[in-house]
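Here the protein sequences line up with chains A and B, keeping their order. With positions in the first sequence counted from 1, the corresponding number in the working numbering is that position plus 173. With positions in the second sequence counted from 1, the corresponding number in the working numbering is that position plus 799. Cβ atoms here follow ideal geometry from the backbone N, Cα and C, with glycine treated the same way. For reference, the structure is listed below as structure tokens.
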Amino acid sequence: MTDVLRVAGLTVDIPNRDGVAVRVLHDVDFTVGHGEIVGVVGESGSGKTMLMRSVVDILPETAIRTWTACEVDGVDRTTRSRGDRLPVSMIFQDPMTSLNPVRRIGYHLVEVIRRFQGVTGGRARQLGIEALDQVGIDDPARRFRQYPHELSGGMRQRVMIAMALLAKPSLLIADEPTTALDVTVQAQILDLITDLRREARLAVALVTHDLGVVAGTCDRVAVMCRGRVVEVGTTDEIFYDPQHPYTRALLAAAPGTEAAGGSLTVSGGVASEWVDASAVRVQHSTTHASLVPAEVAP
Amino acid sequence: MALYIGRRLLQVIPMLLLISLVVFLMIQAAPYDVVDSITTPNMSAETIEIIRQRYGLDDPVLVQYFRWLGNVLQGDLGYSLVSQYSISADLAAKIPNTVILVVPAYLTALALAIGLGLWAGANHGRRIDRFIDGASAIGLATPPFWFALLVIYLFGYYLNWFPIIGMHTVGQDDLIDLLRHFVMPYLVLTVAFAPELLRYVRSSTVSQLREDYVLVQRAFGASRAEIFRNHVSRNVLLPIVTQIGVALPLLVTGAIITETIFGWPGVGPYFLTATKSLDYPVILAILLLSATLVIVGNLIADILYVLVDPRVRLERSRS
Ligand SMILES: Nc1ncnc2c1ncn2[C@@H]1O[C@H](COP(=O)(O)OP(=O)(O)OP(=O)(O)O)[C@@H](O)[C@H]1O
Ligand SMILES: [Mg+2]
């Protein structure tokens, strides 16, 4: 069976203010299999968001992206023409600012329905309300008519998920979808995502800072450090048999992996001390780990 | 909602009273005696005293204030010291002239500002943006009187396309003649109004384009044009309606310099003449009027804002 997403050799440069290209992703490989939830962890600035934005084509305008492969559902998507619709949806960290404050919830949904399903009018309205219902919003017909500020953060993230589903994706990318929400709501949103994975046969790429979330929901984990994926493995492999020194440091730094809210920041020398270490890439292949030297970045 | 508007109206009344009191006290403090404008130097002191009593000028200040306020509310702003004419009647003749000049110029400036501001903002940092932004900076830095002189020299004198002064040619009062007089002051005024509005539209467009919802819309496959048309422009344009309220005082004091240069018989020359001859009642009447329009304009701006912005709309009506 082919993977839902396969990205290989992804490199992204972004010119800084002085026009000097800064490499934010180095030769990254990343795959998500069918029905799988893949966690992406790594400290702040390691390139998790840039990796996801590369996939859905929303890098900053000045960014230069190169890759050797990008397949979605087995179809090559390395080059895309404008207006190509990928079966990939992305939701973001801050549901408070993700919606246009002067447009109703329904407007957001209907726009996506028209764009991805070609349905308009009363039928689109009905689909929108059904989608709100599907993501667990009470009184969906009323919410449909409301403005974003009338909904709580958790509800807005549900609206984002409803929007994401209406685009009929095979892959849902969730970039820290619960970071901005309080703890009980976090759990509800994660439950919703795992439920959808089962019901809608959705694959999920879940970016998070929370190792507890990774342990509880992910099938596989990719560890990122300074623009590189330094270690990939099943959740068990990463937690019980970490090979890369950076992974080990991350796990050691987390205040008990089960604890919710354990923040992924390596204290001390921050990432710089892992520069050399990150030139080595660990790829767990089902059972045994192998150390693969990565190309040294320029 | 109606409650909010009602409350805002109630807040405005004390402010208006305060302004009227300040203006009244300024009249009182002015270095002239009102009675001088009625009496002649060869009247006896007793006659003057009788006149003073007849006009109630020996009453306590507060009584005089309320009497004055009552007159103002009935539209009686008193008399010019110089011409002895009724100020209300004078203003009633001048204000329409100012209005027919200011309103078209302001609306043109607003339309230009919206069009060019959105265009520049959408192309932030590109050549067209730098050009529009540069032009509006030059416009902002150019004094209207200087630009007016340039326009007069070019179109009035050198090309001799338009009459230089006034609103009508003597003996002619057809529309074509009015329009020929109208063009140059209108142009000058439009150029005076546009740059500030334009900068506002442009910077608000640029900041809207940085909002998260724009990135989200991109992620959901919206094209640049769709994002701009359906999301950004609405966020930029809604707050602009409030500008219309804020612009209300321009109806009276919006064209003082331009009108004076072009001899346009509006409030401008009237006000400047009064200033030159220290005609206090006229100056203070115009001051009172424009201060009132500032307050009323702000009230209108607030109400319009509540009407157009869904966020404020709800919070206000709940509280
Ligand atoms: N808009 C941008 N323009 C230029 N560089 C950027 C931009 N956004 C992020 N970067 C840089 O790209 C690198 C990767 O950032 P990215 O946002 O992908 O990190 P992240 O792993 O998602 O971090 P976090 O956990 O804080 O979200 C960082 O060095 C950051 O400084
Ligand atoms: Mg991020």
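Nearest in C-alpha terms to glycine 220 of chain A, of all of A:Arg401, A:Val394, A:Val193, A:Gly182, is A:Arg401. Distance from the Cα of glutamine 827 of chain B is smallest, within the candidate group B:Leu958, B:Tyr864, B:Thr1041, for B:Tyr864. Counted as a single uninterrupted DSSP element, the beta strand (DSSP E) harbouring proline 188 of chain A occupies residues 178-188. If you draw a 10 Å sphere on the C-beta of tryptophan 960 of chain B, you find fewer than 16 other C-beta atoms in it, and that means exposed. The beta carbon of alanine 378 of chain A does not come within 8 Å of any beta carbon belonging to chain B, so the residue lies off that interface. Taking a Cβ-Cβ threshold of 7 Å, the residues of chain B close to arginine 288 of chain A are Gly1020, in chain order. Taking the CA atoms as reference points, valine 377 of chain A sits about 6 Å from isoleucine 346 of chain A.
At a cut-off of 8 Å between beta carbons, tyrosine 1012 of chain B contacts chain A. Not a single C-beta of chain B is nearer than 8 Å to the C-beta of leucine 363 of chain A. DSSP places methionine 263 of chain A inside the beta strand (DSSP E), whose first and last residues are 261-264.
Leaving aside the five residues that flank glycine 309 of chain A on each side, the residues in its chain whose CB is nearer than 7 Å to its CB run, in chain order, Arg331, Leu365.
If you check each beta-carbon in the stretch 852-885 of chain B against every beta-carbon of chain A, none falls closer than 8 Å. Taking the Cα positions, leucine 856 of chain B is about 27 Å away from isoleucine 812 of chain B. For arginine 401 of chain A, the enclosing beta strand (DSSP E) has its first and last residue at 401-407. Any Cβ of chain B closer than 8 Å to the Cβ of asparagine 273 of chain A would place that residue at the interface, and such an atom is present.
Its chain contains Ala194, Thr235 as the residues whose beta carbon lies nearer than 6 Å to that of proline 188 of chain A, once the 5 sequence neighbours on both sides are disregarded; these appear in chain order. Fewer than three pairs of CB atoms, one per stretch, sit closer than 8 Å, so the stretch 989-1008 of chain B makes no contact with the stretch 969-977 of chain B. Neighbourhood of leucine 1037 of chain B in chain A, by CB distance below 8 Å: Val275, in chain order. Shown in chain order are the residues whose CB sits closer than 5 Å to a heavy atom of ligand 1: A:Ile187, A:Val197, A:Ser217, A:Gly218, A:Ser219, A:Gly220, A:Lys221, A:Thr222, A:Met223, A:Pro233. The nearest non-hydrogen atom of ligand 2 is 7 Å or more from the C-beta of aspartate 246 of chain A.
In this structure methionine 336 of chain A is in contact with phenylalanine 1019 of chain B, their Cβ atoms being roughly 7 Å apart against a cut-off of 8 Å.
Counting only residues of its own chain and dropping the five nearest sequence neighbours on each side, threonine 407 of chain A has a CB closer than 6 Å to the CB of Arg393.
Cβ contact annotation for lysine 341 of chain A (same chain, cutoff 8 Å, sequence separation greater than five): Pro260, Phe289, Gln290, in chain order.
At least one heavy atom of ligand 2 lies less than 7 Å from the C-beta of aspartate 348 of chain A. The stretch 1075-1089 of chain B makes contact with the stretch 1032-1051 of chain B: 3 or more CB pairs, one atom from each, lie closer than 8 Å.
Per DSSP, the beta-bridge partners of alanine 194 of chain A are A:Pro188. For the 8 Å CB-CB criterion, glutamate 349 of chain A and valine 387 of chain A do not form a contact. Taking a beta-carbon distance threshold of 8 Å, isoleucine 231 of chain A counts as an interface residue toward chain B.
Near chain A, meaning a CB-to-CB distance below 8 Å, no residue of the stretch 939-965 of chain B qualifies. The beta carbon of valine 1005 of chain B is closer than 6 Å to those of Gly920, His923 in its chain, skipping five residues each way along the sequence. Below the 7 Å Cβ cutoff, chain A contributes Phe265, Ser271 as neighbours of valine 1015 of chain B, in chain order. Here arginine 393 of chain A is bridged, per DSSP, to A:Val211, A:Thr407.
With respect to chain B, the C-beta atom of valine 228 of chain A has no partner C-beta closer than 8 Å. In the structure shown, threonine 989 of chain B adopts helical secondary structure according to DSSP, grouped into three states.
From the beta-carbon of asparagine 1034 of chain B, the residues of chain A found nearer than 8 Å are Asn273, Pro274, Val275. DSSP places isoleucine 237 of chain A within a strand segment (E or B) once states are collapsed to three.
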